[in-house]
Amino acid sequence: MAASNTRTSTLMLRSAGRPPWYTPDGQNLPAYMIGIAGASASGKTSVARRIVESMDVPWVVIVSMDSFYRQLTPEESRQAFLNNHDFDHPSSYDYGTALAALEHLKQGLATQVSQYDFSTHSPSSESQYVYGASVIIVEGIFALYDPKLLAMMDVKIFVDTDSDVCLARRIRRDVAERGRDPLGVLQQYDRFVKPAFDGFVRPTMNNADIIIPRGLDNEVAIGLMIQHVQRRLDAHNAVLMRPALVRRFRDLPGAADSLLVLPQSNQVRAMRTILCDRTTPRADFIFYADRLSRLVIEHGLAQLALAEKAVETPTGCAYRGHAIAPAVTGVTVLRAGGVMEKALHSVVRPAHYGKILIVADPTSHEPRLHYARLPPAIAQHQVLLMDATITSGASAMMAIRICLDHGVPEQNIVFISLLATLQGPRAIHAAFPAVKIVVAILDPHVAGDDLLIRTGYGIFGDRYFGTEE
Amino acid sequence: MSLSEQASGHPRLHQLPQTHQLKALMTIIRDRATKRGDFVFYSDRVIRLLVEEGLNYLPVVAKEVTTPMEVPFQGVAFEGRICGVSIMRAGESMEQGLRDVCTSVRIGKVLIQRDERTAQPKLYYSKLPRDISDRWVLLLDPMLATGGSASKCVEVLLEAGVREERILFINLICAPEGALAMLNKFSKMQIVTAEIDEGIDDRKFILPGLGDFGDRYFGTED
Numbered sequence: 001m002a003a004s005n006t007r008t009s010t011l012m013l014r015s016a017g018r019p020p021w022y023t024p025d026g027q028n029l030p031a032y033m034i035g036i037a038g039a040s041a042s043g044k045t046s047v048a049r050r051i052v053e054s055m056d057v058p059w060v061v062i063v064s065m066d067s068f069y070r071q072l073t074p075e076e077s078r079q080a081f082l083n084n085h086d087f088d089h090p091s092s093y094d095y096g097t098a099l100a101a102l103e104h105l106k107q108g109l110a111t112q113v114s115q116y117d118f119s120t121h122s123p124s125s126e127s128q129y130v131y132g133a134s135v136i137i138v139e140g141i142f143a144l145y146d147p148k149l150l151a152m153m154d155v156k157i158f159v160d161t162d163s164d165v166c167l168a169r170r171i172r173r174d175v176a177e178r179g180r181d182p183l184g185v186l187q188q189y190d191r192f193v194k195p196a197f198d199g200f201v202r203p204t205m206n207n208a209d210i211i212i213p214r215g216l217d218n219e220v221a222i223g224l225m226i227q228h229v230q231r232r233l234d235a236h237n238a239v240l241m242r243p244a245l246v247r248r249f250r251d252l253p254g255a256a257d258s259l260l261v262l263p264q265s266n267q268v269r270a271m272r273t274i275l276c277d278r279t280t281p282r283a284d285f286i287f288y289a290d291r292l293s294r295l296v297i298e299h300g301l302a303q304l305a306l307a308e309k310a311v312e313t314p315t316g317c318a319y320r321g322h323a324i325a326p327a328v329t330g331v332t333v334l335r336a337g338g339v340m341e342k343a344l345h346s347v348v349r350p351a352h353y354g355k356i357l358i359v360a361d362p363t364s365h366e367p368r369l370h371y372a373r374l375p376p377a378i379a380q381h382q383v384l385l386m387d388a389t390i391t392s393g394a395s396a397m398m399a400i401r402i403c404l405d406h407g408v409p410e411q412n413i414v415f416i417s418l419l420a421t422l423q424g425p426r427a428i429h430a431a432f433p434a435v436k437i438v439v440a441i442l443d444p445h446v447a448g449d450d451l452l453i454r455t456g457y458g459i460f461g462d463r464y465f466g467t468e469e
Numbered sequence: 001m002s003l004s005e006q007a008s009g010h011p012r013l014h015q016l017p018q019t020h021q022l023k024a025l026m027t028i029i030r031d032r033a034t035k036r037g038d039f040v041f042y043s044d045r046v047i048r049l050l051v052e053e054g055l056n057y058l059p060v061v062a063k064e065v066t067t068p069m070e071v072p073f074q075g076v077a078f079e080g081r082i083c084g085v086s087i088m089r090a091g092e093s094m095e096q097g098l099r100d101v102c103t104s105v106r107i108g109k110v111l112i113q114r115d116e117r118t119a120q121p122k123l124y125y126s127k128l129p130r131d132i133s134d135r136w137v138l139l140l141d142p143m144l145a146t147g148g149s150a151s152k153c154v155e156v157l158l159e160a161g162v163r164e165e166r167i168l169f170i171n172l173i174c175a176p177e178g179a180l181a182m183l184n185k186f187s188k189m190q191i192v193t194a195e196i197d198e199g200i201d202d203r204k205f206i207l208p209g210l211g212d213f214g215d216r217y218f219g220t221e222d
């Protein structure tokens, strides 16, 4: 039996912002999957952690095969409580569930990874939400057992630690950390652990690409392996999103088909003038940014197709109208997009809110995802994605990709902005043609490769929040 | 051509864009089963759209500004001072919508009720900004049925020196006969509305309408 009931079997690790994980066409690149098998207490988890620490990958998830123990039959369950069930047998796992979850993760989709409750010997009713790992490490004694799982893995590692060392570690761990008595541990080892290793685990060594003798102590082998993986990942990340989008979409004629611009009424033009004026005091900037936000959000909501609905008025007449959208989620791209949340809040109730923090890398200006939190039922909602400005479209595409990865159909997304270039919406439209883009102001004059909108309002967030240099 | 079609084709009657969204809002406020909290919330939302639309008929002048990127931008600035005038009591429900867009706007109030002896609308009270004759006026009353009170109010404004072409009558729902009567009587004023209905019944209620707006908004139904 592998673990106590308190052990977390899925571990998400984040060290920095996540660079784009998709192509400029908006298609997800598959996550890199590493399988690590080996005897119980051979040091699989330690090797996994060492890999994570040594590699320059910001978002990594370590999934333990322990998550995928199958539901026991009533008789098996009874035996399990008597410590008579063989959890070290390959039939103890639900490979179908493992395959489904790992396929999702590999495609870059938000995934609920099942959890196993060791106190009841059954799959827990709770699952763990995992999203955004560019590298997935699957570890467990049977990580290299199922052919379908093996087919998904980019590199397969077997940690071949001497069985004496494994047994010594196991006794120490189970006695010290789990309060078991040494004799019991030895009995279990003889009865289940050793036969399972010899009969089923050791043969999976043949499925490995790399065998690491002595586990964590083998720094040369681990170092070589990390180099190999790092090279493969660097090839993934070689494409820079912004320059690619600029090259492709800057000089095309016309506006994107999916782009809708607010009618340029007198009021909109006057508000634009106030926002673009460098001498506008901050209080006025905030007031008119809020007012324009509300107009563009109303315009965005007006794009939703709504079901027909007939009602009776107090005069006893019938009126044939439409029903309001049943569920609307506003997702703001922080920091500037957060400003528009207030406007949505004043027109839709109750709306749900998601937040995404995307920050431009200070040197490359490439978007980096730092944080995403979306309502669980977002896949069933109409989604209004909000950000103040669209320039290259790189950050908007990342935000849209996050919604798609959480199961939102493309046609349910309306992207709303105050100010946009022509090329940004073109890039978004090319990747995600069903996403509607609604903007208050269009500015075709983008000069230079820095993509700053010369006749815009400057850095929106700085002027709204008062954080100018 | 029906009265409704005549009204909606009139060059001085401006209707909000008839989107699904607007229809959904109107469906809620017209539904007799709608609770007051929702009635107020969704009415306020339509009122905000009406005020924004109404302000678009005000003039602007060219203005050049310098952007934070140190580049000149040819824009426009608001031209002309405005005020609101609400017809008590229902028109007062629209004042906040105006204030949300035009902070510290001056607002005049007029009380007009039907004189039971003559069956004509009669002015009981009016308090208007002193310099109203220099201003554009957004006349606020949510329902335009026969246009009797609103016409009376326009007369009060004209007597106060307001120029007729500077009067914008903002309402949520209008009956075509009332709207056409007003536009014929006052040849320069404009009307901004959310929807044009079918007509009025013998009790002067708009059909299909939404009942008594003031009662539903202020919670004074029987």
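So the sequences go chain by chain: A and B.
Going by the UniProt record's numbering, the first residue of the first sequence is number 1, and it counts up by one from there.
Going by the UniProt record's numbering, the first residue of the second sequence is number 1, and it counts up by one from there.
Every residue gets a Cβ at the ideal spot worked out from N, C-alpha and C, and that includes glycine.
Just so you know, these numbers come straight off a predicted model, no measurement behind them.
Residue range of the alpha helix (DSSP H) that includes residue i
i: residue 96 (chain B); result: 95-101
i: residue 96 (chain A); result: 95-106
i: residue 51 (chain B); result: 36-55
i: residue 187 (chain A); result: 182-188
i: residue 45 (chain A); result: 44-54
i: residue 464 (chain A); result: 460-465
i: residue 243 (chain A); result: 241-249
i: residue 27 (chain A); result: Counting along the chain, residue 27 (chain A) falls outside any alpha helix (DSSP H), and DSSP gives it neither H nor E.
Beta-bridge pairing of residue i - partner residues as DSSP gives them
i: residue 123 (chain A); result: A:116
i: residue 83 (chain B); result: B:106 and B:137
i: residue 322 (chain A); result: A:308
i: residue 384 (chain A); result: A:330 and A:414
i: residue 136 (chain A); result: A:33 and A:61
i: residue 437 (chain A); result: A:259 and A:415
i: residue 115 (chain B); result: B:120
Extent of the continuous beta strand (DSSP E) run through residue i
i: residue 260 (chain A); result: 259-261
i: residue 156 (chain A); result: 155-160
i: residue 63 (chain B); result: 60-66
i: residue 17 (chain B); result: Note, residue 17 (chain B): premise wrong, no beta strand (DSSP E); not H, not E.
i: residue 14 (chain A); result: 10-14
i: residue 304 (chain B); result: Chain B is shown only over 1 to 222; residue 304 (chain B) falls outside these bounds and no answer can be derived.
i: residue 82 (chain A); result: Taken as a continuous stretch (DSSP letters only), residue 82 (chain A) belongs to no beta strand (DSSP E), as it is neither H nor E.
i: residue 213 (chain A); result: 210-213
(message) So within the region 124-210 of chain B, which uninterrupted alpha helix (DSSP H) runs reach at least 4 residues, ignoring any that extend past its ends?
(response) With a minimum length of 4 residues, the unbroken runs of alpha helix (DSSP H) contained wholly in the region 124-210 of chain B fall at 148-159 and 176-185.
(request) Taking a Cβ distance cut-off of 8 Å, strictly less, list which residues of the region 323-334 of chain A are near chain B, in chain order. (result) Here the close residues are 323, 324 and 325.
(request) Specify whether the region 69-88 of chain A and the region 116-124 of chain A touch according to this definition: at least 3 beta carbon pairs, one from each stretch, less than 8 Å apart. (result) Touching, yes, given that three or more Cβ pairs across the two stretches are closer than 8 Å.
(request) Could you say if the region 77-97 of chain B and the region 50-65 of chain B meet the contact criterion of at least three C-beta pairs nearer than 8 Å? (result) Taking 8 Å as the limit for Cβ pairs, the verdict is that the region 50-65 of chain B does touch the region 77-97 of chain B.
(message) Between the region 21-28 of chain A and the region 398-415 of chain A, can you find at least three pairs of beta-carbon atoms closer than 8 Å?
(response) Contact between the region 398-415 of chain A and the region 21-28 of chain A is present, with at least three C-beta pairs closer than 8 Å.
(request) Select from the region 69-80 of chain B all residues with a C-beta closer than 7 Å to any C-beta belonging to chain A, and list them in chain order. (result) Listed in sequence order: 69, 71, 73, 75, 76, 77 and 78.
(message) Short of 8 Å Cβ to Cβ, which residues in the region 8-31 of chain B face chain A?
(response) Against chain A - using a Cβ distance shorter than 8 Å - the residues of the region 8-31 of chain B are 17, 19, 20, 21, 22, 23, 24, 25, 26, 27, 28, 30 and 31.
(request) Please list the segments of the beta strand (DSSP E) lying wholly inside the region 327-375 of chain A, counting only runs of 3 or more residues, in order along the chain. (result) The region 327-375 of chain A contains these whole beta strand (DSSP E) runs: 328-334, 352-360 and 367-373.
(request) Report yes or no: do three or more beta-carbon pairs, one from the region 95-104 of chain B and one from the region 112-127 of chain B, lie closer than 8 Å? (result) Contact between the region 95-104 of chain B and the region 112-127 of chain B is absent, with fewer than three C-beta pairs closer than 8 Å.
(request) Pair every Cβ in the region 65-78 of chain B with every Cβ in the region 282-297 of chain A, then say whether three or more of these pairs are closer than 8 Å. (result) Not touching, per the Cβ criterion.
(message) Across the region 239-259 of chain A and the region 39-49 of chain B, are there enough close Cβ pairs to call them in contact, namely three or more that are closer than 8 Å?
(response) Counting Cβ pairs under 8 Å, fewer than three are found: no touch.
(request) Compile a chain-ordered list of the residues in the region 51-62 of chain B whose CB is closer than 9 Å to at least one CB of chain A. (result) Close to chain A, meaning a Cβ-Cβ distance shorter than 9 Å, are the following residues of the region 51-62 of chain B: 52, 53, 55, 56, 57, 58, 59 and 60.
(message) So if I threshold CB-CB distances at 9 Å, which residues from the region 261-279 of chain A count as touching chain B?
(response) Residues 263, 265, 266, 267, 268, 269, 270, 272, 273, 274, 276, 277, 278 and 279.
(message) Between the region 434-445 of chain A and the region 310-325 of chain A, can you find at least three pairs of beta-carbon atoms closer than 8 Å?
(response) Judged by Cβ distances under 8 Å, the region 310-325 of chain A makes no contact with the region 434-445 of chain A, as fewer than three pairs qualify.
(message) Please identify, using Cβ separations under 8 Å, the residues of the region 450-469 of chain A that lie next to chain B, in order along the chain.
(response) Within the region 450-469 of chain A, the residues whose Cβ lies closer than 8 Å to some Cβ of chain B are 452, 453, 454, 455, 456, 457, 458, 459 and 463, listed in chain order.
(message) Using 8 Å as the cut-off, can you tell me whether the region 44-55 of chain B makes contact with the region 423-442 of chain A, which would need three or more C-beta pairs spanning the two stretches below that distance?
(response) Judged by Cβ distances under 8 Å, the region 44-55 of chain B makes no contact with the region 423-442 of chain A, as fewer than three pairs qualify.
(request) Could you list the residues in the region 290-302 of chain A with a C-beta less than 8 Å from some C-beta on chain B, going in chain order? (result) Sequence-ordered contacts of the region 290-302 of chain A with chain B read 291, 294, 295, 298, 301 and 302 [C-beta pairs closer than 8 Å].
(request) May I ask you to list, following chain order, the residues of the region 199-214 of chain B that have a beta carbon less than 8 Å from some beta carbon of chain A? (result) Flagged, chain order: 201, 205, 206, 207, 208, 209, 210, 211 and 212.
(message) At a CB distance below 9 Å, what residues from the region 309-323 of chain A approach chain B? Give them in sequence order.
(response) From the region 309-323 of chain A, only 309, 310, 311, 312, 313, 314, 315, 316, 317, 318, 319, 320, 321, 322 and 323 have a Cβ closer than 9 Å to chain B.
(message) Closer than 9 Å between beta carbons: that is the criterion. Which residues of the region 113-133 of chain B meet it against chain A?
(response) Identification of residues in the region 113-133 of chain B having a C-beta nearer than 9 Å to some C-beta of chain A yields an empty set.
(message) With three or more beta-carbon pairs closer than 8 Å as the criterion, would you say the region 374-393 of chain A touches the region 402-417 of chain A?
(response) Contact between the region 374-393 of chain A and the region 402-417 of chain A is present: three or more C-beta pairs spanning the two stretches fall below 8 Å.
(message) Output needed in chain order: residues of the region 349-377 of chain A with a Cβ under 8 Å from some Cβ in chain B.
(response) Correct list: 349.
(message) Give me the subset of the region 89-115 of chain A whose CB atoms are less than 8 Å from a CB atom of chain B, sorted by chain position.
(response) Within the region 89-115 of chain A, no residue has a Cβ that lies closer than 8 Å to any Cβ of chain B.
(message) Contact between the region 222-231 of chain A and the region 344-360 of chain A is defined here as three or more beta-carbon pairs at a separation below 8 Å; is this criterion met?
(response) They do not touch, by the three-pair rule.
(request) Kindly confirm or deny that the region 145-155 of chain A and the region 127-134 of chain A touch, where touching means at least three C-beta pairs closer than 8 Å. (result) Counting Cβ pairs under 8 Å, fewer than three are found: no touch.
(request) Can you give me, in chain order, the residues of the region 39-51 of chain B that have a beta carbon less than 8 Å from any beta carbon in chain A? (result) Residues 41, 45, 48 and 49.
(request) May I ask you to list, following chain order, the residues of the region 73-89 of chain A that have a beta carbon less than 7 Å from some beta carbon of chain B? (result) Answer set for the region 73-89 of chain A: empty.
(message) In chain order, what are the residue ranges of uninterrupted beta strand (DSSP E) at least 3 long that sit wholly in the region 267-291 of chain A?
(response) You should have found no qualifying run.
(request) Examine the Cβ distances between the region 415-423 of chain A and the region 37-47 of chain A and report whether three or more of them are shorter than 8 Å. (result) Contact between the region 415-423 of chain A and the region 37-47 of chain A is absent, because fewer than three Cβ pairs lie under 8 Å.
(request) Report yes or no: do three or more beta-carbon pairs, one from the region 15-28 of chain B and one from the region 289-308 of chain A, lie closer than 8 Å? (result) Flag = yes, the region 15-28 of chain B and the region 289-308 of chain A touch.
(request) Flag this pair as touching only if the region 242-258 of chain A and the region 375-393 of chain A have three or more C-beta atom pairs under 8 Å; answer yes or no. (result) Cβ pair count under 8 Å is three or more, so yes.
(request) Could you say if the region 156-166 of chain A and the region 196-216 of chain A meet the contact criterion of at least three C-beta pairs nearer than 8 Å? (result) Of all C-beta pairs linking the region 156-166 of chain A to the region 196-216 of chain A, three or more are shorter than 8 Å, placing the two stretches in contact.
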